[in-house]
Amino acid sequence: MIRQKILEIIIENLPHGFLLVDSKGLVMEFNRAAEDICGYSRKDVIGRHHIEIFGCAAGDAVSRGTQTAFQKSGEIESVERQLKRRNGETITIAATLFPIYDVDGSFMGGVELFRDISTQKKKDRERKNVLSMFAHDMKNPVVVAKGFLSRLLSDKAGNLTQKQREYCVMIEDEMNRIHELIMDFLQFSRFEATEYVPAYSSFSLKDALCELVKEERILADRKTISLSMDIPGDSDLDITGDRSMISRVMSNLLDNAIKHTHPGGCVSVSVCDRNDHYLITVTDNGVGIAADHMPFIFDAFYRAGKDSKGTGLGLFISRTIVEAHGGRIWAESVPGKGSSFFFTLPQKPVVHASKQTI
């Protein structure tokens, strides 16, 4: 009796809506939080079929018949869906459903825990829209400004003094950095808007890497950093993938390695053919990454230090691209001695069904 009373107190004071149905789908319990979320009182729903009251409130799986759905999976299911409240308002809820069995394994019913996430979803949509519009609206003025700055440096508006040219070069460098930040924001907003699917084509990973290293060597030379490659010479390293996006990953990793390596240091890139996939490694002997930062370096907007420049999106975008190709990416680092970033790419494309390419 005491145990039953304690259970009732717990259920009634749960911060989430609680719905208990029997093996026939009839509502047996409905707590105060569920009343607030759905707009129905407990006496409105007890003894009635959950679909009669909530329509698809218990999710598509349960709507096909509570017992059948639960017995098919026998597992916990977490979903987000629309729920129509008693007053006709439609809200978004996050729900967890799980079956209940007796000691003999016979199905007894099911439980649903749910909460209203409408406000959270609205804020997420607004944040994504603002981010996308901000980046898009900033892009055009920056491109125009870079164009006029290029004309100034080409003496199209008259000869510049040495000091004026130095200032213009400094402005151009900062404009290029702003442009990179905006492109990162645009890429991030696209990845959030829809699941990224690679635009597959066949190409030589070896050629793409050689081309990229040639470009990055200019930046490395400015810092007197040695940039080396170690790739098999007897193969083109043919691969089917999104060449521009894979190049984006390698560029991000090489840029970071060069940026965080002291003048006179070394950066290397290597590729190993593992029969069904390639392992690409970018290693430096730079400043390294502290252990407490390592779990978060691939998170969006995460920056390892206050003095770090950039958006904190480069590694997040890299992870998104690699995982969309069916690979994985990880890092190892020793503070003060350097870092190594690794990622794998399947040699054959991963099939993505019913998804859009962006």
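Going by the working numbering, the sequence shown opens with residue 39, and the numbers climb by one from there. For each residue, glycine too, the CB sits at the ideal point set by N, CA and C.
One or two residues paired with residue i in a DSSP bridge
{"i": "Cys206", "result": "Paired residue(s): none; Cys206 is not in a bridge."}
{"i": "Thr130", "result": "Gln120"}
{"i": "Ser308", "result": "Asp268 and Thr319"}
{"i": "Pro8", "result": "The requested residue 8 is not part of the displayed model; the chain covers only 39 to 396."}
{"i": "Glu115", "result": "Leu135"}
{"i": "Ala246", "result": "Ala246 pairs with nothing; no bridge assigned."}
Alpha carbon of residue i to alpha carbon of residue j, nearest angstrom
{"i": "Lys244", "j": "Glu164", "result": "42 Å"}
{"i": "Arg88", "j": "Leu64", "result": "Note on residue identity: the sequence assigns His, not Arg, to residue 88. So the alpha carbons of these two residues sit roughly 6 Å apart."}
{"i": "Val305", "j": "Asp162", "result": "39 Å"}
{"i": "Glu150", "j": "Asp60", "result": "12 Å"}
{"i": "Asn290", "j": "Cys206", "result": "26 Å"}
{"i": "Asn313", "j": "Phe226", "result": "32 Å"}
{"i": "Gly364", "j": "Thr358", "result": "10 Å"}
{"i": "Arg366", "j": "Arg281", "result": "17 Å"}
{"i": "Glu370", "j": "Gly279", "result": "26 Å"}
{"i": "Val117", "j": "Phe92", "result": "16 Å"}
{"i": "Leu135", "j": "Glu210", "result": "56 Å"}
{"i": "Gln385", "j": "Tyr340", "result": "31 Å"}
{"i": "Arg80", "j": "Glu73", "result": "7 Å"}
{"i": "Ile47", "j": "His54", "result": "14 Å"}
{"i": "Phe145", "j": "Ile327", "result": "52 Å"}
{"i": "Leu351", "j": "Asp222", "result": "7 Å"}
{"i": "Thr106", "j": "Gly147", "result": "Below a pLDDT of 50, predicted positions are generally treated as unreliable, and Thr106, at 46, falls in that range; no measurement from the model is reported."}
{"i": "Thr199", "j": "Lys160", "result": "53 Å"}
{"i": "Glu253", "j": "Thr321", "result": "17 Å"}
{"i": "Gln202", "j": "Ile263", "result": "30 Å"}
{"i": "Ile44", "j": "Met332", "result": "43 Å"}
{"i": "Ser378", "j": "Asn197", "result": "47 Å"}
Contacts around residue i, its chain only, beta-carbon distance under 7 Å, and the 5 residues preceding and following it disregarded
{"i": "Asp98", "result": "Because Asp98 sits at a pLDDT of 44, beneath the cut-off of 50, its placement in the model cannot be relied upon, and the point is left open."}
{"i": "Asn323", "result": "Thr299, Gly303, Cys304, Lys375 and Gly376"}
{"i": "Ser285", "result": "Ala246 and Leu250"}
{"i": "Gly126", "result": "none"}
{"i": "Lys62", "result": "none"}
{"i": "Gln120", "result": "Thr128 and Thr130"}
{"i": "Tyr139", "result": "Phe145 and Met146"}
Given residue i as reference, the closest of the options once Cα atoms are compared
{"i": "Met267", "options": "Thr319, Ser239, Tyr78 and Asn69", "result": "Thr319"}
{"i": "Ile131", "options": "Ser156, Gly350 and Ile49", "result": "Ser156"}
{"i": "Ser240", "options": "Pro387, Arg286 and Ile138", "result": "Pro387"}
{"i": "Ala329", "options": "Ala246, Arg153 and Pro373", "result": "Pro373"}
{"i": "Val251", "options": "Asp280, Asn69 and Ala295", "result": "Ala295"}
{"i": "Leu383", "options": "Ala237, Ser264, Ile277 and Tyr340", "result": "Ile277"}
{"i": "Ala338", "options": "His331, Ile355 and Met332", "result": "Ile355"}
{"i": "Phe381", "options": "Met332, Val287 and Pro301", "result": "Val287"}
{"i": "Glu212", "options": "Asp193, Gln202 and Lys184", "result": "Lys184"}
{"i": "Tyr316", "options": "Arg215, Leu224, Leu275 and Tyr139", "result": "Leu275"}
{"i": "Lys122", "options": "Gly148, Glu90 and Ile138", "result": "Glu90"}
{"i": "Phe360", "options": "His331, Thr321 and Met283", "result": "Correcting the residue identity first, residue 360 is Val in this sequence and not Phe. It is Met283 whose Cα lies nearest to the Cα of Val360."}
{"i": "Asp265", "options": "Asp293, Ser242 and Gly271", "result": "Just to set this straight, residue 265 is Leu in the shown sequence, not Asp. Nearest option by C-alpha distance: Asp293."}
{"i": "Ser242", "options": "Lys261, Gly271 and Leu224", "result": "Gly271"}
Close Cβ partners of residue i (< 6 Å) along its chain, the five nearest in sequence each way excluded
{"i": "Ser308", "result": "Asp268 and Thr319"}
{"i": "Arg124", "result": "Gly77 and Tyr78"}
{"i": "His217", "result": "Val180"}
{"i": "Leu257", "result": "Ile296"}
{"i": "Ile49", "result": "Phe56 and Asn69"}
{"i": "Trp368", "result": "Phe380"}
{"i": "Ile84", "result": "Val65"}
{"i": "Ala133", "result": "Val117, Glu150 and Phe152"}
{"i": "Arg41", "result": "none"}
{"i": "Ile75", "result": "Gly55 and Asp154"}
{"i": "Leu353", "result": "Ile335 and Phe336"}
Same chain only: Cβ atoms within 8 Å of residue i, ignoring 5 sequence neighbours per side
{"i": "Ser273", "result": "Lys244 and Asp311"}
{"i": "Ala195", "result": "Arg189"}
{"i": "Leu52", "result": "Asn69, Ala71 and Leu151"}
{"i": "Arg86", "result": "Leu64 and Val65"}
{"i": "Asn6", "result": "The structure shown does not extend to residue 6, since the chain spans only 39 to 396, so no value can be given for it."}
{"i": "Ser192", "result": "none"}
{"i": "Leu187", "result": "Cys206, Ile209, Glu210 and Met213"}
{"i": "Pro301", "result": "Lys261, Thr262 and Ile263"}
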